[in-house]
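Below is one structure, written out as structure tokens; comments come after it.
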Amino acid sequence: MSFKVRLTREAEADLERLFEFLLERELARDGGDLELATEALAAIRAGINTLRTSPFTCRKAGSSPFLRELIIPFGRSGYVALFEVLDASTVVVGAVRHQLEDDYH
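Per the numbering used here, residue 4 is the first one in the sequence shown, and the count goes up by one each step.
Set out below in structure tokens:
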């Protein structure tokens, strides 16, 4: 079974925010790694891509069995994507955050 995965506008905005945060942080560091933001975004997108085949392997995020979180490792920590399985063929990613952030948005 293959699911179609789409991101909400909020999730796309989260990706942009996370990318910009890393880029600004690395620009401010002496000898910062300017490729790190691109690598992080690629890791997030690759993680989200796994939802096409196995969304129900991710941990539940509440009382609904269809609302789940995907852990995306990157470096010493990583990211968390909140998503919902809408039906037998569709997964919608609603938010993405860094693991050290308190909550989504």
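Glycine included, C-beta positions come from ideal geometry on N, C-alpha and C.
As assigned by DSSP and simplified to three states, the class of GLU87:
Residue numbering aside, residue 87 sits at position 84 when the sequence shown is read from its first letter. Strand at GLU87.
In chain order, what residues of the same chain lie with their CB nearer than 7 Å to the CB of ASP112, ignoring the 5 residues before and after it?
The structure shown does not extend to residue 112, since the chain is modelled only from 4 through 108, so no value can be given for it.
Taking DSSP as the reference, what is the three-state secondary structure of PHE22?
As a first step, residue 22 must be located in the sequence shown, where it is residue number 19. Helix at PHE22.
Going by beta carbon distance, what residues of the same chain come within less than 7 Å of LEU54, once the five residues before and after it are set aside?
Reading the sequence shown from its first residue, position 51 is the one you call residue 54. Taken in chain order, the residues that qualify are PHE6, VAL8, LEU73, PHE86 and VAL94.
I need the boundaries of the alpha helix (DSSP H) containing GLY78, first residue and last residue.
What you label residue 78 is simply residue 75 of the sequence shown in a count that begins at 1. Counting along the chain, GLY78 sits inside no alpha helix (DSSP H), nor does DSSP assign it H or E at all.
Give the DSSP-derived three-state secondary structure of LEU70 in the structure shown.
For the purposes of this step, residue 70 is taken as the residue at position 67 of the sequence shown. LEU70: strand per DSSP, three-state reduction.
Exposed unless 16 or more other CB atoms sit within 10 angstroms - verdict on PHE77
Mapped onto the sequence shown, residue 77 falls at position 74. Buried, by the Cβ-count rule.
Look at SER80 and LEU44 and say whether their C-beta atoms are less than 8 Å apart.
In the sequence shown, residue 80 corresponds to position 77, counting from 1. In the sequence shown, residue 44 corresponds to position 41, counting from 1. Taking 8 Å as the Cβ cut-off, SER80 and LEU44 do not qualify as a contacting pair.
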